[in-house]
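A.B. asks:
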Amino acid sequence: MQELPEALAEPARGRSVAYVWLLPALVALATAIVVVQQKLSQGPTIEIGFRTAEGLEPNKTKIRYRDVDIGEVTEIHVAPDRKQVVVTARIHRDARDYLVEDTRFWVVRPRVVGGNVSGLGTLVSGAYIGVDVGRSGVERRRFAGLEAPPVVTFDVPGREFVLHADDIGSVSVGSSVYYRHIAAGQVIAYALDPGGNSVTMKVFVYAPFDQYVTDATRFWQASGIDVSVDSEGVKLHTESLTSLLEGGIAFQNLPGVERAASVPADTPFRLYSDRERAMRQPETLVDTFVMVFDGSLRGLAVGAPIDLGGITVGEVKRISVEYDRRAGKLRFPVEVDVFPQRIRSRTRDGAESVPADGSSSAAGRAFIDEMVAHGLRAEIRTGNLLTGQKYVALDEHPRAPRDHVRWEQRPALFPTTRGPLDEIQESIGSIAKKLDQVPFDRISARLLTTMDGLDHSLADLDRLLRRVDTDIAPQVEATLTEARGAMQNAKSALAADAPLQSDLDAALVQLAHAARSVRVLMDYLDRHPESLLRGKPKEAP
Amino acid sequence: MTGARPKTGAQPATGRRLGVRLCLRCRAATRVPAAAAAAARLLCPRCHAPLHERRPGSRSVCAALLLTAAILYVPANLLPVMHTRTLFGEDDDTILSGVIALLHAGSWPLALLVFFASIVVPLLKLVSLGWLLLSTLGAPAPAAPRSRLYRMVEFVGRWSMLDVFAVTVLACLVQFRTLANVRVGTGALAFCAVVVLTMLAAQTFDERLLWDSDAAA
């Protein structure tokens, strides 16, 4: 132990500070800064409800706005009521302004809709949640996800309009809206009205075209084929092949409307079933009449035309049943709308000859009364023999019994007459009645006795014939043999080499000679008529 | 364990008891001059490095390093260690999510290995080193089992780098531009720091402190 060297001693120095504790302090500070920063940069958490979570994965599925990640799905669970799936997602801090009331979320998956394929990229990358950022200023954290991508996103310029229709036709969400055959918009939603009697559709018209939607615009169903047959032949009208397949809506302004005012978004319009109906001038003046017909109304439908000399001047509005207690029978009053302006528009000097204000003015009533006094009556006619469709015709029947419009009734009662078919039916009925009166049983009994007599006569005839066969036939045969012999003789007398024939020939030759001599003589006499008196002059030498 | 061994009657000789110090630089054993004042600074007669009875500041440095490591252990496990981008999307993986992914893939032995090497071992190291440090301050306790624990901690420390190596290798190899791309996440950095700091702490810890608080002494 003693051989160990001794350590060198030195005066002590000041104690060093424990700098090493700075390290954990610094690290703690750095960590704290990182944590705080992360907390601060963490955006809000939102909840989106979907029907299914197909293709969605927590911590994998992104939320994308215009293909830029703005968040990630963190959790997926089924809602307590088990009606939907609640997807919890964290949105980046810089995208928190997007979370407003009308922001829409939907899952982007591969989809084939109406010949359109979308979201093919998600086949490899997996589904993601698409966002359409709304315009509202009200913030929101819970959303109901869309099951299908929105047809039109908020960033597309244009305007929405509302269409009311009786039914949806072949239109569906995504169907195109056409303006002069240009795809100018899309159907974005439709819903049945509360009563269930009509349908309300929402259409979006893209920016340059929405200015053509005015108060004079008419919308109509442009799907399907419109075939019309007229005197010029068959016309086929269709909007486009795609509209044929998936339906569509077309719009255009009424012709002849010059200063049409533009309308604001969400203006309601009526959706007509076809172009012709849509383009019809609106009827401002409507006269309503009631017509009571005797015959059956089968084939007469609501909307059937009222025809005046081939011009449609109105349509059937309603067909009802009434019980006339006094007469003790059912009546079928037909309520019709007549558009008096149509009559005016087709008369050359307008209001002069035909007061077009219908029953609203005294002149109009007087005109109608006059026409009725001249025999104007309504009758039901068959428009199409194949389908049995009927229409109401206004025609003059000068021989009809006197009648008049009963203005005191509301609506006024218009006199009617029986249609030609009714008359035919009636006459057939009377024929049948007469046929009914024919005593067929007696006739048949008489016929039977007659037949018996006929039978007897036939037997007599048979007997007679038998006698002819036995008694007369041999004599006839002998006579015929004789006749043949006579004929033979005549034939031999007339043969070519018979003497009678050759004599006749010679006689004819001589006759010809004689005729020639007479002609020569006649010629000579013609040139020298004097020779008859003087005789033939001597031949000059 | 210690109870099973036959107790030697004599205590093992220590430098402190004999008045001998070891130069930590050149490993020369030197005698403490009897005349030297307690506050005097001693130098190695051969290399003139300062001589200390115990490594100076061993406890505080070790404690500081351990604390740093403990702080960093949190982000190391929470932050993603690997950032994968493939055609099919982007993915952030933490150590635990990696373990779970391995489990889901069915290779549970590998999952177990990663779980132990990357999660359990660093935690155990932190806990056991901290316990050892505290034990040198508290009441005397048998030194031998603690020394064994210390040696184990020191030995097992390097295995924790497994995850870091795996990530670095992946990040280097998987660089196929748009097809697939692996980047090292911040979590890996923190994790690496945890491992290195615990190793350093284990190194700065003066094992002789355990003897000082030996119950048998």
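Sequences listed follow chains A and B, in order.
Just so we're aligned, residue 10 is where the first sequence starts under my numbering, counting upward by one.
Just so we're aligned, residue 36 is where the second sequence starts under my numbering, counting upward by one.
Beta carbons: idealized from backbone N, C-alpha and C, even for Gly.
Can you look up A/Ala492 in the DSSP assignment and give me helix, strand or coil?
C.D. replies: If you number the first sequence from 1, residue 492 of chain A lands on position 483. Three-state result, A/Ala492: helix.
A.B. asks: Quick one: Cα of A/Val272 to Cα of A/Val133, how far?
C.D. replies: Indexing the first sequence from 1 puts residue 272 of chain A at position 263. Indexing the first sequence from 1 puts residue 133 of chain A at position 124. Their backbone Cα atoms lie some 46 angstroms apart in a straight line.
A.B. asks: Under three-state DSSP, which class holds A/Gln446?
C.D. replies: Taking the first sequence and counting its residues from 1, the one referred to as residue 446 of chain A is at position 437. Three-state result, A/Gln446: helix.
A.B. asks: Is the beta carbon of A/Val347 sitting closer than 8 angstroms to the one on A/Val325?
C.D. replies: The sequence position of residue 347 of chain A within the first sequence is 338, counting from 1. The sequence position of residue 325 of chain A within the first sequence is 316, counting from 1. Contact: no.
A.B. asks: Could you pull out every unbroken alpha helix (DSSP H) segment of at least 4 residues lying fully inside the region 187–232 of chain A, listed in chain order?
C.D. replies: Those alpha helix (DSSP H) runs which fall completely within the region 187–232 of chain A and span 4+ residues are 216–219.
A.B. asks: Determine, using beta carbons only, whether A/Ala16 comes closer than 8 angstroms to chain B.
C.D. replies: Locating residue 16 of chain A in the first sequence gives position 7, where the first residue counts as 1. So yes, A/Ala16 belongs to the interface.
A.B. asks: In this structure, how does DSSP classify B/Asn216 when only helix, strand and coil are distinguished?
C.D. replies: The residue labelled residue 216 of chain B in the question sits at position 181 within the second sequence. In the structure shown, B/Asn216 sits in a strand (DSSP, three-state: E or B).
A.B. asks: Please name the residues in the region 100–122 of chain A whose beta-carbon is closer than 8 angstroms to at least one beta-carbon of chain B, in chain order.
C.D. replies: Hits within the stretch: zero.
A.B. asks: Which residues bound the beta strand (DSSP E) around B/Gly50?
C.D. replies: Reading the second sequence from its first residue, position 15 is the one you call residue 50 of chain B. Here B/Gly50 belongs to no beta strand (DSSP E); instead the alpha helix (DSSP H) covers Gly50 to Leu53.
A.B. asks: Helix, strand or coil: which one does DSSP assign to A/Ala482?
C.D. replies: The residue you call residue 482 of chain A lines up with position 473 of the first sequence. Reduced to three states, the DSSP call for A/Ala482 is helix.
A.B. asks: Does the separation of the CB atoms of B/Leu145 and B/Tyr108 fall below 8 angstroms?
C.D. replies: By 1-based counting over the second sequence, the position of residue 145 of chain B is 110. By 1-based counting over the second sequence, the position of residue 108 of chain B is 73. Not closer than 8 angstroms, so no.
A.B. asks: I'd like to know if B/Ile106 contacts chain A, where contact means its C-beta is closer than 8 angstroms to some C-beta of that chain.
C.D. replies: By one-based count along the second sequence, residue 106 of chain B stands at place 71. For B/Ile106, the answer is yes, since a Cβ of chain A falls inside 8 angstroms of its Cβ.
A.B. asks: Within 10 angstroms of its Cβ, does B/His118 collect 16 or more other Cβ (buried), or is it exposed?
C.D. replies: Residue numbering aside, residue 118 of chain B sits at position 83 when the second sequence is read from its first letter. By the neighbour-count rule (16 or more Cβ atoms within 10 Å), B/His118 is buried.
A.B. asks: Measure how close the beta-carbons of A/Arg120 and A/Leu155 come, nearest whole angstrom, since I'm counting them as under 8 angstroms.
C.D. replies: For the purposes of this step, residue 120 of chain A is taken as the residue at position 111 of the first sequence. For the purposes of this step, residue 155 of chain A is taken as the residue at position 146 of the first sequence. At roughly 12 angstroms, the Cβ-Cβ gap does not stay under 8 angstroms, so A/Arg120 and A/Leu155 are not in contact.
A.B. asks: With distance defined between alpha-carbon atoms, name the residue in A/Lys69, A/His101, A/Asp103 and A/Thr61 nearest to A/Val87.
C.D. replies: Taking the first sequence and counting its residues from 1, one reaches residue 87 of chain A at position 78. Considering only alpha carbons, the answer is A/Thr61.
A.B. asks: For A/Leu541, does the count of other Cβ atoms within 10 angstroms reach 16, so buried, or fall short, so exposed?
C.D. replies: Taking the first sequence and counting its residues from 1, one reaches residue 541 of chain A at position 532. Exposed, because fewer than 16 other Cβ atoms sit within 10 Å of the Cβ of A/Leu541.
A.B. asks: Compare the C-alpha of A/Ile315 against each of A/Gly256, A/Arg351, A/Ser329 and A/Leu13 and name the closest.
C.D. replies: As a first step, residue 315 of chain A must be located in the first sequence, where it is residue number 306. Of the candidates A/Gly256, A/Arg351, A/Ser329 and A/Leu13, the one whose C-alpha sits nearest the C-alpha of A/Ile315 is A/Arg351.
A.B. asks: For the alpha helix (DSSP H) holding B/Asn139, just list the boundary residues, first then last.
C.D. replies: Here residue 139 of chain B corresponds to residue number 104 of the second sequence, with the count starting at 1. Before going on, a small fix: residue 139 of chain B reads as His here, not Asn. Per DSSP, B/His139 belongs to the alpha helix (DSSP H) from Ile130 to Ala140.
A.B. asks: Would you say A/Leu32 reaches chain B, if we count a Cβ-Cβ gap shorter than 8 angstroms as a contact?
C.D. replies: Here residue 32 of chain A is taken as the residue at index 23 of the first sequence, counted from 1. So yes, A/Leu32 belongs to the interface.
A.B. asks: Exposed or buried, which one is B/Met36 when buried takes at least 16 other CB atoms within 10 Å?
C.D. replies: For the purposes of this step, residue 36 of chain B is identified with residue 1 of the second sequence, where counting begins at 1. Per-residue confidence for B/Met36 stands at a pLDDT of 43, beneath the threshold of 50, marking its modelled position as unreliable; no derived number is given.
A.B. asks: Applying a beta-carbon distance threshold of less than 9 angstroms, which residues of chain B neighbour A/Val77?
C.D. replies: The residue you call residue 77 of chain A lines up with position 68 of the first sequence. Ordered by position in chain B, no residue passes the 9 angstroms Cβ test against A/Val77, which lies about 13 angstroms from the chain.
A.B. asks: Locate the alpha helix (DSSP H) running through B/Ala228, then write down its first and last residues.
C.D. replies: Residue mapping note: residue 228 of chain B aligns to position 193 of the second sequence, counting from 1. B/Ala228 -> alpha helix (DSSP H) spans Thr221 to Thr239.
A.B. asks: Would the region 237–246 of chain B count as touching the region 130–149 of chain B if we require 3 or more Cβ pairs under 8 angstroms?
C.D. replies: Output reads no: the region 130–149 of chain B does not touch the region 237–246 of chain B.
A.B. asks: Indicate whether at least one CB of chain A lies closer than 8 angstroms to the CB of B/Pro68.
C.D. replies: What you label residue 68 of chain B is simply residue 33 of the second sequence in a count that begins at 1. It does; some Cβ of chain A falls within 8 angstroms.
A.B. asks: For A/Ser50 versus A/Val109, is the C-beta spacing smaller than 8 angstroms?
C.D. replies: Sequence index remark: in the first sequence, residue 50 of chain A carries index 41 (1-based). Sequence index remark: in the first sequence, residue 109 of chain A carries index 100 (1-based). Not in contact: A/Ser50 and A/Val109 (Cβ atoms no closer than 8 angstroms).
A.B. asks: Could you check where the alpha helix (DSSP H) with A/Met380 kicks off and where it finishes?
C.D. replies: Numbered from 1 along the first sequence, position 371 holds the residue referred to as residue 380 of chain A. Its alpha helix (DSSP H) spans residues Ala371 to Ala382.
A.B. asks: Return no unless some Cβ of chain B is closer than 8 angstroms to the Cβ of A/Pro67.
C.D. replies: Counting from 1 along the first sequence, the entry for residue 67 of chain A is found at position 58. No, A/Pro67 lies away from the interface with chain B (no Cβ there is under 8 angstroms from its Cβ).
A.B. asks: Under 9 angstroms between beta-carbons, which chain A residues line up against B/Pro115? List them in chain order, please.
C.D. replies: Taking the second sequence and counting its residues from 1, the one referred to as residue 115 of chain B is at position 80. Chain A residues near B/Pro115: none, gap ~11 angstroms exceeds 9 angstroms.
A.B. asks: Taking Cβ-Cβ distances shorter than 8 angstroms, what residues in chain B pair up with A/Leu13?
C.D. replies: Numbered from its first residue, the first sequence carries residue 13 of chain A at position 4. Val55, Ala64, Thr65 and Arg66, listed in chain order.
A.B. asks: If you follow the alpha helix (DSSP H) that A/Thr426 is in, where does it begin and where does it stop?
C.D. replies: Taking the first sequence and counting its residues from 1, the one referred to as residue 426 of chain A is at position 417. Unbroken run through A/Thr426: none, as it is neither H nor E.
A.B. asks: Could you compute how far the alpha carbon of A/Glu84 sits from the alpha carbon of B/Asp126?
C.D. replies: Here residue 84 of chain A refers to the residue found at position 75 when the first sequence is read from its first residue. Here residue 126 of chain B refers to the residue found at position 91 when the second sequence is read from its first residue. So the alpha carbons of these two residues sit roughly 16 angstroms apart.
A.B. asks: Does the region 175–193 of chain A come close enough to the region 292–308 of chain A to have 3 or more Cβ pairs within less than 8 angstroms?
C.D. replies: Output reads no: the region 292–308 of chain A does not touch the region 175–193 of chain A.
A.B. asks: Which of the residues in the region 83–107 of chain B, read from start to end, lie with their CB under 8 angstroms from any CB of chain A?
C.D. replies: Cβ contacts with chain A come from His83, Leu86, Gly92, Ser95, Val96, Ala99, Leu100, Leu102, Thr103, Ile106 and Leu107.
A.B. asks: Bridge partners of B/Glu189, per DSSP?
C.D. replies: Counted from its first residue, the second sequence places residue 189 of chain B at position 154. B/Glu189 is not bridged to any residue.
A.B. asks: Could you check what DSSP says for A/Ser262 in three-state terms: helix, strand or coil?
C.D. replies: Along the first sequence, read from residue 1 onward, the residue named residue 262 of chain A stands at position 253. For the record, residue 262 of chain A in the displayed sequence is Asn; it is not Ser. In the structure shown, A/Asn262 sits in a strand (DSSP, three-state: E or B).
A.B. asks: So what's A/Ile320 in DSSP terms, helix, strand or just coil?
C.D. replies: As a working note, residue 320 of chain A is residue 311 in the first sequence. Reduced to three states, the DSSP call for A/Ile320 is strand.
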